[in-house]
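Visitor: Got a structure here, written out as structure tokens. Questions coming.
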Amino acid sequence: MRGADYVVKRTAFALVTIFVAVSINFVLFRLAPGSAVSNLSRVPHATQELRQALKRQFGLDKSRGRQYLIYLEQLTRGNLGVSFENEQPVSTNLKTAILNTLPMVALGTLFAIVVGTLTGVIAAWRRGTPIEGATVTTALGFYSMPTHWLGLMLVILFTGILPTGGMTNDFLINPSFWTHARDVLSHMVLPSLTLGLVLFGEYTLIVRSAMLETLGEDYILTARAKGLRPWAIIRKHALRNAMLPIVTLVALSLGYIVAGAILIETVFSWPGVGRAVYDAVLNRDYPMLQGAFLFLTISVVFFNLVADLLYYKLDPRIT
Amino acid sequence: MTALLQVEDLHVWFDLQDGGELHAVQGVSVGVERGERLGLVGESGCGKTTTVLALMGLLPPSASASGRVLLEGTDVLAGGEASMRPHRWSDVAIVFQGAMNALNPVRTIGSQIVEAIELHGEAGGKAARAQTGELLESVGIPAARASRFPHELSGGMRQRAAIAMALSCHPKVLIADEPTTALDVMVQAQILELLDSLCRDFGLALILVTHDLPVVAQLCDHGAVMYAGEIVERGLVDTLYHAPRHPYTRLLFAATPDLGHETEEIVSIPGAPPRLDQPLVGCPFRPRCDSAFEPCATSRPLLRRVADRHAAACHLNDRPSQAPG
Ligand SMILES: Nc1ncnc2c1ncn2[C@@H]1O[C@H](COP(=O)(O)OP(=O)(O)OP(=O)(O)O)[C@@H](O)[C@H]1O
Ligand SMILES: [Mg+2]
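As they're listed, the protein sequences go chains A and B. Counting in my numbering, the first sequence runs from 1 upward without gaps. Counting in my numbering, the second sequence runs from 1001 upward without gaps.
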């Protein structure tokens, strides 16, 4: 069957990609000059014995190949090592960060997809009118704004109206579930809005150009000749075809955003993955970084897979 | 009795990027009666497609049109999009060029035909699907193929499906814009035969746009020859062939290779049609004409009746002694 075949093939391809990326990840960190031991034993009067002890402790006395196998084995068990910074398992740290990032990113992206698609379609349909001009100018404006600058502007604009940093109000003692949810949501508005506005610009431009291309197709002329109304033409003939490039681009951008809303999370002190990466870099927390890289890899590959599968669902020509 | 479809003094201008204007259709008047078949011929770029798009109100926003399109006596062009829409497909349907993407690639051919049937209230749901099956059978496609996507059919089959779709709402006029271009010769012949028999069976009026004269001779009873945005001669196909009253018509027929006489050399008409983004002075065909004389350089000939059901736009016809041809 055409469907099952494709899904299996794509999924296998995704898994292989992740494996390769993981391996490269491993090699990269070993290629860096010096080792954990040389760094740790840089104390005055470090004896040869201390070095050896450390080497053994970190498993660095084993061969590279052996280390690689151990790394893979531990990975399959979900062991990503221990953070230098807070001595918690990296997987625990990462999980917390991911759970914090996802809702914020999801909210922003949802906003961008809904508003961006709408404005993109309108701009394409009203081609050559002031509506298109205004939409494109606005979109370009937001698209070209530096993310952190837009974030700061929103902070200035909304100080006192909405919380501008962190994820919770620490002064709420034992809040009920609803109070807590409302608190987190209000903290989420600004970072989500920042992400949403930047993405909105990008998505509007993508949707507009995809729509323009589709509206010039012959089957749109046929649909008009059949007597369909403009909105029906967009809904039944144009959108589905225009979705093809849109789905790919949105899915690709999502892969990076999930793991890398670094600027936004830094500006708003949002304790997510981006923030964790930022802190790990500052603290030279290699295990944490390596874990974050792994997550980035997986999310990019995963969203690629999602794009492939959606594309397949939307376009009957793909076999 | 009023004519079924009558186009009167149609003009179309395109706004060009550089701010200029291109006068693509320059006063075309043409019509068809019930069951009549009109062949609209002319070189590439002479405005055939623009004419048929204009009469269905399908021009792009960069175009502006003037003139009248009378459908059984009522002007459907004047009221704009809203007055045209109900007539589309249920009165006038169109089949585009075979190579074109006239069918939506992500929807089954069946659903695209059902859509037209339901839109015009011909039938709904199950009945519409049953009708679609019958339509497909009538153009030689097994009804089960309704669930196929356009890319799963050959070019000829796609064109058959497009024809079935055009017939779905029982139009009175069928427009076919180069329906066989880009198809191989065998398939071309089949499609033409199909059009021929369908028009006969359904009592359709046909406007066939083509630059292929033998096709017109085979399928149509009337012909209209277009040059540089206007109709230069109009009449029965036989008359156009045997007694043309415009040098362009004569040369056009002469330039058509005749398979029956292989030894005959193929003549082409030297020169190229005039640019339509500049005003034309005199007869647009004069630079290429083999029998031009004084008035051709200064005054533009108008389409005039030269005989019963025969009109031409040539100054030669004003000289009683000398008819062209
Ligand atoms: N959208 C447009 N914008 C500007 N000019 C156009 C546009 N469409 C057509 N034209 C011009 O109008 C003229 C008539 O074009 P049209 O497509 O009607 O010719 P045609 O007789 O159908 O030719 P063909 O045999 O190549 O299909 C040409 O000069 C063409 O360049
Ligand atoms: Mg054409």
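C-beta: ideal position from N, C-alpha, C; glycine also.
Alpha carbons only, please: which of PRO146/A, THR119/A, SER144/A, MET145/A is nearest the one belonging to GLY133/A?
Guide: When each option's Cα is compared against that of GLY133/A, the closest is THR119/A.
Visitor: List the residues of chain D whose Cβ lies closer than 7 Å to the Cβ of ILE1094/B, in chain order.
Guide: No chain D is part of this structure, whose protein chains are labelled A and B.
Visitor: ARG1034/B and ALA1224/B - do their beta-carbons sit closer together than 8 Å?
Guide: No, the Cβ-Cβ distance between ALA1224/B and ARG1034/B is not below 8 Å.
Visitor: Which of the three DSSP states, helix, strand or coil, is assigned to PHE171/A?
Guide: In the structure shown, PHE171/A sits in coil (DSSP, three-state: anything other than H, G, I, E or B).
Visitor: Please state the DSSP three-state secondary structure of ILE1141/B.
Guide: Of the three classes helix, strand and coil, the one that applies to ILE1141/B here is coil, per DSSP.
Visitor: In angstroms with no decimal places, state the Cα-to-Cα distance between ASN93/A and LYS1126/B.
Guide: If I take the Cα positions, the gap works out to 58 Å.
Visitor: Starting from HIS1242/B, trace the alpha helix (DSSP H) in both directions and tell me its first and last residue.
Guide: Its alpha helix (DSSP H) spans residues 1237–1242.
Visitor: Going residue by residue through the stretch 146–223 of chain A, where are the continuous alpha helix (DSSP H) segments of at least 4 residues, counting only ones entirely within it?
Guide: 147–158, 177–215, all fully within the stretch 146–223 of chain A.
Visitor: Only counting the same chain, and skipping five residues up and downstream in sequence, which positions put a Cβ closer than 8 Å to that of ASN79/A?
Guide: Only PRO89, SER91 meet the Cβ criterion.
Visitor: Kindly indicate the opening and closing residues of the alpha helix (DSSP H) around GLU49/A.
Guide: Residues 48–58.
Visitor: What runs of the alpha helix (DSSP H), each 4 residues or longer, lie entirely inside the stretch 1071–1111 of chain B?
Guide: You should have 1080–1084.
Visitor: So if DSSP puts ASP1015/B in a beta bridge, which residue, or which two residues, is it bridged to?
Guide: BP columns for ASP1015/B point to GLU1021/B.
Visitor: Going by the CB atoms, is the gap between GLY108/A and SER192/A shorter than 8 Å?
Guide: Yes. Within cutoff.
Visitor: Indicate whether ALA1054/B and LEU1174/B have their beta-carbon atoms separated by less than 8 Å.
Guide: Their beta carbons are not under 8 Å apart, which means ALA1054/B does not touch LEU1174/B by this criterion.
Visitor: Under 8 Å between the Cβ atoms of GLU87/A and MET288/A?
Guide: Not closer than 8 Å, so no.
Visitor: Cβ closer than 9 Å: which chain A residues qualify as neighbours of HIS1170/B?
Guide: Here the premise fails: no neighbours, minimum Cβ distance about 13 Å.
Visitor: Quick check on GLY128/A - is its C-beta less than 8 Å from some C-beta in chain B?
Guide: Interface residue, yes.
Visitor: Note down, in chain order, every chain A residue with its Cβ under 8 Å from the Cβ of ARG1085/B.
Guide: Neighbours of ARG1085/B on chain A, chain order: GLY227, ARG229.
Visitor: Measure from the C-beta of PRO316/A to each C-beta in chain B and report whether the shortest distance is under 8 Å.
Guide: Taking Cβ atoms only, chain B reaches closer than 8 Å to PRO316/A, which makes this a yes.
Visitor: Please report the distance separating the alpha-carbon of ALA1048/B from that of THR1249/B.
Guide: The sequence given here places Lys at residue 1048/B; Ala does not occur at that position. C-alpha separation (whole angstroms): 16 Å.
Visitor: Consider the C-beta atom of THR1239/B and the heavy atoms of ligand 2; say whether any pair is separated by less than 7 Å.
Guide: Flag unset: Cβ of THR1239/B not near ligand 2.
Visitor: Going by Cα to Cα distance, which pick from SER299/A, GLY255/A, ALA238/A is closest to ASP315/A?
Guide: Minimum Cα distance to ASP315/A is reached at ALA238/A.
Visitor: Report the option in SER269/A, THR168/A, ASN174/A, ALA139/A whose CA atom is closest to the CA atom of HIS206/A.
Guide: Looking at the sequence itself, residue 206/A is Ile, so the reference to His does not match. Answer by Cα proximity: ALA139/A.
Visitor: Can you give the Cα-Cα distance for ALA1128/B and ARG1088/B, rounded to whole angstroms?
Guide: Roughly 18 Å separates the two Cα atoms.
Visitor: Give me the Cα-Cα distance between SER1268/B and ARG1037/B, rounded to the nearest whole angstrom.
Guide: Each residue's alpha carbon lies about 27 Å from the other.
Visitor: Under 6 Å Cβ to Cβ from ARG126/A, same chain only, skipping five residues before and after it: list those, please.
Guide: For ARG126/A, where only same-chain residues beyond five positions count, the Cβ hits under 6 Å are GLU132.
Visitor: With ARG1037/B as the anchor, note down where its alpha helix (DSSP H) starts and where it stops.
Guide: It is not in any alpha helix (DSSP H) - ARG1037/B instead sits in the beta strand (DSSP E) that spans 1037–1041.
Visitor: Identify, in the order they occur along the chain, each residue of the same chain with its Cβ nearer than 7 Å to the Cβ of THR1002/B, setting aside the five sequence neighbours on each side.
Guide: These residues qualify, in order along the chain: GLU1072, GLY1073.
Visitor: Based on Cα-Cα distance, which residue from LEU1219/B, PRO1301/B, GLN1112/B lies nearest to SER1168/B?
Guide: Comparing Cα-Cα distances from SER1168/B to each of LEU1219/B, PRO1301/B, GLN1112/B, the minimum goes to GLN1112/B.
Visitor: Among ALA1307/B, VAL1007/B, ALA1162/B, LEU1103/B, which one has its Cα closest to the Cα of LEU1240/B?
Guide: For the residues ALA1307/B, VAL1007/B, ALA1162/B, LEU1103/B, the minimum Cα distance to LEU1240/B belongs to ALA1307/B.
Visitor: Less than 8 Å between the C-beta atoms of ARG1286/B and ALA1297/B, yes or no?
Guide: Yes, they are a contact pair.
Visitor: Could you check if TYR256/A is buried or exposed, using at least 16 other CB atoms within 10 Å of its CB as the buried criterion?
Guide: Classification of TYR256/A: exposed, given that the 10 Å Cβ count is below 16.
Visitor: What whole-angstrom Cβ distance do GLY116/A and TYR203/A have, given they're in contact under 8 Å?
Guide: About 3 Å separates the two Cβ atoms, so the contact holds.
Visitor: Which two residues bound the contiguous beta strand (DSSP E) that contains ILE1175/B?
Guide: Unbroken beta strand (DSSP E) run through ILE1175/B: 1173–1177.
Visitor: Residues with a Cβ closer than 7 Å to any heavy atom of ligand 2, in chain order?
Guide: Here the list is LYS1048/B, THR1049/B, ASP1177/B, GLU1178/B, VAL1209/B.
Visitor: Return helix, strand or coil for HIS1222/B, following the three-state DSSP convention.
Guide: Of the three classes helix, strand and coil, the one that applies to HIS1222/B here is strand, per DSSP.
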